Amino acid sequence: MDAFTNIPEHQKGEFLRHLEDQQMKDSLKMYNHLVESCFEKCVMVNWGGSFNSKQLTEGETKCISQCSEKFMKLTQRVGFRFSEYQAIKARESGILKK
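Written as C-alpha cells, this is what we have:
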C-alpha cells in the first residue's frame with residue numbers, strides 16, 4: 005500500500021513541500037561534498053595548492069573532470085542499488101508483486 009495515500013488530504017501539501025525541501029538539501033549536500041572532495045584531491049593535495057594563478061592548471065582541470073565524473077557515476081550506482089534493494093524488500097513484504 006502506498007504510504008502517501010494514508011496521509012490526510014489537508015496534510016499532503018505540507019508533506020510534499022517538506023519532501024521537496026529535503027530533496028533540495030540532499031542535492032546541495034551532495035554537490036558540496038563533490039566540490040570539497042575534488043578540490044581537496046585535485047588542487048590542494050596533488051598539485052600543492054599553490055594558488056599562483058586564477059586559472060586551473062591543465063592537470064587540475066583534468067583531475068577535477070575525472071573526479072567529478074567518478075563521483076557522479078558512484079552516486080548513480082548507489083542510487084540504483086538502493087532502488088533494487090527497496091524493490092526486493094517490498095516484494096518480500098508482499099507490497100509489490102513480481
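Per this note's numbering, residue 5 is the first one in the sequence shown, and the count goes up by one each step. A virtual CB, placed ideally from N, CA and C, is assigned to each residue, including glycine. Bear in mind the structure is a predicted one, so any value in this text is a computation, not a measurement.
With phenylalanine 75 and leucine 20 assumed to form a contact (beta carbons below 8 angstroms), what rounded beta-carbon distance in angstroms separates them?
Contact flag wrong, Cβ pair sits at about 29 angstroms.
Given a cut-off of 9 angstroms, decide if leucine 60 and valine 47 are closer than it, judged by their beta-carbon atoms.
In this structure, the beta-carbon distance from valine 47 to leucine 60 falls below 9 angstroms.
Find out if the Cβ-Cβ distance for the pair lysine 33, cysteine 71 is shorter than 9 angstroms.
Their beta carbons are not under 9 angstroms apart, which means lysine 33 does not touch cysteine 71 by this criterion.
What number of angstroms, rounded off, separates the C-alpha of threonine 9 from the C-alpha of serine 87?
Distance between the alpha carbons of threonine 9 and serine 87: 21 angstroms.
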